[in-house]
Amino acid sequence: MTHRPALPSLPVTDVLDALGDALRAGSNAVLIAPPGAGKTTLVPLALLDAEWRQGGRVIVLEPRRIAARTAARRMAQLLGEPVGKTVGYRVRFDTKTSADTKIEVVTEGVFLRLLSNNPGLEGVAAVLFDEFHERSLNSDLAMALCRDLQQGLRDDLRLLPMSATLEGASLTAFLDAPLIESEGRSFPIDISYQDRLPNEVLEQAVVKAVRGTLAQRSGSILVFLPGRREIERCYEALDGKLGAGTKLFRLYGALDPAEQDAAIAVPQSGTRHVILASAIAETSLTIEGVTTVIDSGLARQPVFDPQSGTARLETVKASKASIHQRAGRAGRFGPGYAVRLWREQQTAALPDHAPPEIEVSDLSGLAVALADWGVRDPKDLAWVTPPPDAATNEARSLLAMLGVVSDDGSLTPLGRQVANTGLDPRLGTMVLKAPETETYLAACLALLVQEQGVGGRGADLGQRLDRLLKDRSQRAKSIRVSAKMIVRTVSTSGGAQTLELHAQTTGRLLLNAYPDRVARRGGQNRFGAVRFKMANGRGVEIAAEDALASKEYLVVADLAGRAGSARILSTAAVEKQDILTVLADQVAQRSSLSFDVQQKAVVAKSGQMLGALELGNTKPTKPASQDALPILLQAIRDHGLLLLPITGSVEALLSRLRFAQHNAAALGLDPVLMMDDESLLNDLEDWLAPFLEGRTSLTSLAPTDLENALWYRATPLDRMTLGRVMPTHFLAPSGSNLPLRYESCCILEVRPQELFGLDRHPSIGSMPIELHLVSPAGRPIQITRDLPGFWRGSWTDVRADLRGRYPKHPWPENPLEAYPTARAKPRKR
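Just so we're aligned, residue 0 is where the sequence shown starts under numbering that gives the first Met the number 0, counting upward by one.
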């Protein structure tokens, strides 16, 4: 047995013997160990002397590159060795291993490439899944493939998921494995809440919390923010304003490794750090010196839309598990503090856990990996969480469009090459289909698209690619080296590569990756952004001041936001002739539908089409009514409800329903569906679509159709109930049936003579009607919500002021004893 330095005693030390016994007796185990227990570094080292290892490597999967590098360095430090000897790591753009390496810490994506090249995992004795509770798409896929391998060819392979939460207990049945629990090491944490003020933007709240903490507490501060955009804004707001002895850092995945390492380095004596971090700092990393955590309560979560085939990142409220993990970072070395930027009462409404990525992500990469593994249907594998059918079907459609899979679901020759690139299927296809002399440019572009923040933050990928090719930073050099490795993998001739980037090169290369996201310029939306329509039928927009907003055609690589208002994040201009040449097999002569704002109708044209995109040379045709519905709905979303004939009775009904929505409790009504513009626009398919079926024009929509549509939306609130609780008219004591108006309150415009004798203020439910009293000529007299008080007080002044002007109308001294009338000469009582 090799002599090794003694390992430190940490909470997980107490269960290492039990863990060793479990893995010696069987193939699998599940370890639950809270942050601070030491599982990431001590467990792999404890397995070095296991007899069952028989010289095989221990692979440790980490969700992020910085976690992999940090874990490897810490383990090597404990062994008194440099990284790359007994312990090494392998991440994208950076590898430190040797023939002596026994423990290899790898990111999950790199492990999938290793598994593809070595499907039997020869030379590997165990795979440890660190932070498995994060449930990334790659970790779930790696677990499914390793379990399949274990049950088929490698019953000697050990699998050990390590989780920080009890959610990991569900893995015991999946792996038929014992559950081993370790205590954590955490000091008490004092949690306080600082709710953001109305209209206070996030960076203002963060600046206030950071300054307050610096003044009141010692130690470093870790601030959790949803993503890079918010981190950069807060960095700009705090930079140069923290005073001597305090250093400001950013920490997110797209940063240069040197900047990441500086952020987690131990503060020098007499200094303290303020670290603005994404979820990258929630787990796996130990950041010494942190005594306070400031939590925005927000997280960035992937959301995949199978209907449009696009994925977006949404900012959502963080889960309870996440905020617990975040707060725990303050109590790793002593008592700590956590400041949460929301109301304490809101915590109970947070979700327990974030959904597994496999439920909300684009599954095209997973589908290629499965086909490369020899699995055509995901249901043929065992999963911790099975992939959703809708996203799986969309992935298959995309791969078929790219030519990556055949009709039976197996990889085509192109697909096998795509699998070998290790790139996203779209980008791998782009590299392989690029002209031989442009393969290097295509590889650089592919890595640029996959690596956030490289080449700047602008939307123009052409400009960013040009900067990448000239950038001398270590990160840019690593990307260029990786691009050359990709070229060696895919290039057959080894011919000379052009390094000259022309204006149209980027867009032309992207066509093979995003044929469904070729976009043509349209008009401006109501907020001034320039709209583009993509070949998949979806509308996107870009700021009018962006230089690319004036281009006729774009290829969109990344976008964010919901259907109808998605923002273009990265794109490149492309020439029409390049579209016709590169995508010749996808361009067809057929009809297209669009919405004419002037006519308020769907119009049809026949011409060259790429998907739903019209490329020119068109002539008018008659639109088919069954195809017009989605065009009409999108037009309403783009231009607002004003496109509909909401006037007269329709406007009055909508006002009543909105009043009912906001005052349901006071009116004794069940909760009413939201009737504000945004809610109505978001739910057009539910309430308006049934009444637009078969139509090609909004002008054919009659007011009664719109009223019926709104009633359909208001269900279960029916007309009889609303008529009883919120009548359209008020029967005055005079016998007149006067219209009621519903705005922020219920309003009745009436002459006081019609209310004579009424000694109680009229109301609906528990809400008083606001009386707008007018003169016989219809001029305003007074607004009141206390009619008896008006009779007792202001009536005397009103009577004195108006009876001389309107002598034919009654102005009695005591209106409670007068006969109500709508006429000039009343009958006597």
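Ideal Cβ placement from N, Cα and C applies to all residues, glycine included.
Given that a residue counts as buried once 16 or more other Cβ atoms are within 10 Å of its Cβ, and exposed if not, what is P355?
buried
Assuming L568 and A458 make a contact with CB atoms under 8 Å, what is their CB distance in whole Å?
6 Å
Whole beta strand (DSSP E) runs in the segment 164-232 with 3 or more residues, listed along the chain?
178-180, 188-192, 219-223
With a 10 Å radius around its C-beta and 16 neighbouring C-beta atoms as the bar for buried, classify Q633 as buried or exposed.
buried
The alpha helix (DSSP H) spanning F690 covers which residue range?
688-691
Determine the closest residue to L60 out of R112, L178, T727, F531, with distance taken between C-alpha atoms.
R112
Span of the alpha helix (DSSP H) around M829:
Given a span of 0 to 828 for the chain in the structure shown, any question on residue 829 remains unanswerable.
Within the chosen definition, does the segment 267-284 reach the segment 244-257 through at least 3 CB pairs nearer than 8 Å?
yes
Just tell me which of F755, A445, E574, S135 has its CA closest to the CA of L468.
A445
Run the CB neighbour count on H132, radius 10 Å, all protein chains shown included, and call it buried at 16 or more, exposed below.
buried
What do you reckon, are the CB atoms on V315 and A326 nearer than 7 Å?
no
Report the start-end ranges of each alpha helix (DSSP H) in the segment 385-440 that is 4 residues or longer and not cut off at the edges.
388-401, 412-420, 424-432
Pick out whichever of G722, N813, R740 has its Cα sitting closest to the Cα of L757.
N813
Classify L9 as helix, strand or coil using the three-state DSSP reduction.
coil
Specify, as a first and last residue, the run of the beta strand (DSSP E) that D379 falls within.
Taken as a continuous stretch (DSSP letters only), D379 belongs to no beta strand (DSSP E), as it is neither H nor E.
Does the distance from the CB of M429 to the CB of A482 come in under 7 Å?
no
Could you check the C-alpha separation between N454 and D255 for me, to the nearest Å?
It is Gly, not Asn, that sits at residue 454 in the sequence shown. If you take the alpha carbons of G454 and D255, they lie about 12 Å apart.
Short check: CB of E67 to CB of Y88, under 7 Å?
Per the sequence shown, the amino acid found at residue 67 is Ala instead of Glu. For A67 and Y88, yes; Cβs fall inside 7 Å.
The alpha helix (DSSP H) that contains E61, what's its start and end?
First-last for E61: 56-61, but that is the beta strand (DSSP E), not the alpha helix (DSSP H).
Check whether L431 and V489 have beta carbons under 7 Å apart
yes
Counting C-beta neighbours from all protein chains within 10 Å, is the total for Q588 16 or more, i.e. buried, or is it exposed?
exposed
Please identify the residue among D682, E742, G647, G734 whose C-alpha is closest to the C-alpha of P702.
G647
Alpha helix (DSSP H) runs wholly inside the segment 345-374, at least 4 long, in chain order:
363-372
At which residues does the beta strand (DSSP E) containing M608 begin and terminate?
600-609
Out of I293, L136, G536, R487, which has the shortest C-alpha to C-alpha gap to Q300?
L136
Do L349 and Q193 have their C-beta atoms within less than 7 Å of each other?
no
Does F110 pass the burial test, meaning 16 or more other C-beta atoms within 10 Å, or should it be called exposed?
buried
Can you tell which of V292, G667, P34 has its C-alpha closest to the C-alpha of G183?
P34
Assuming T497 and T420 form a contact by the criterion Cβ under 8 Å, report the distance between their Cβ atoms to the nearest whole angstrom.
No, T497 and T420 are not in contact; Cβ-Cβ is about 20 Å, not under 8 Å.
Hey, out of S699, P434, R463, whose CA is closest to V581's CA?
P434
What are the partner residues of D557, as DSSP defines its beta bridges?
S569
In chain order, what residues of the same chain have a beta carbon less than 8 Å from the beta carbon of D238, not counting five sequence neighbours either side?
L247
A840, enclosing beta strand (DSSP E) - first and last residue:
Residue 840 lies beyond the range of the chain shown here (0 to 828); nothing can be said about it.
Which same chain residues, not among the five before or five after L705, have their C-beta less than 6 Å away from its C-beta?
V649
Tell me which same chain residues have a C-beta within less than 6 Å of the C-beta of D155, skipping the five on either side of it?
none
CA-CA distance, L410 and A390?
19 Å
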